[in-house]
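**Student:** Can you keep this structure in mind? I'll have questions shortly.
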Amino acid sequence: MVTIVLILILSIMTIIVLLFILMVSSFSSSDSSRFEIVPSKEIKKGKKRQKKMKEEEEEEKEKKEEEVKKKKKKKKKKKKKKKKKKKKKK
């Protein structure tokens, strides 16, 4: 009776230990690919690059907005000219 209880306890303990080992190994293998040690200089360079990229994107947006405004002005001018021509013809 005592031996059966001891065998059950040992088997449960081994299962728990094996599960723990599996969890630790899977956790450590997935983390190593996600996180890398990066020197602080590279981090600063990356931040500078991000700032430059944001500035460039803002400049591009401003240029596009200006182009759109210019196109709208041209269309308005053309419409006004057409209206004037029609009035003169009448």
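Residue 1 is where the sequence shown starts when you use full-length UniProt numbering, and the numbers rise one by one after that. Built from N, CA and C at the ideal position, the CB exists for glycine as well.
Between the alpha carbons of GLU56 and LYS64, how many angstroms are there, rounded?
**Tutor:** Roughly 12 Å between the two C-alpha positions.
**Student:** Do you know how far the Cα of LYS41 is from the Cα of ILE21?
**Tutor:** When rounded, the distance between both Cα atoms is 37 Å.
**Student:** Is MET1 helix, strand or coil when you go by DSSP?
**Tutor:** Three-state result, MET1: coil.
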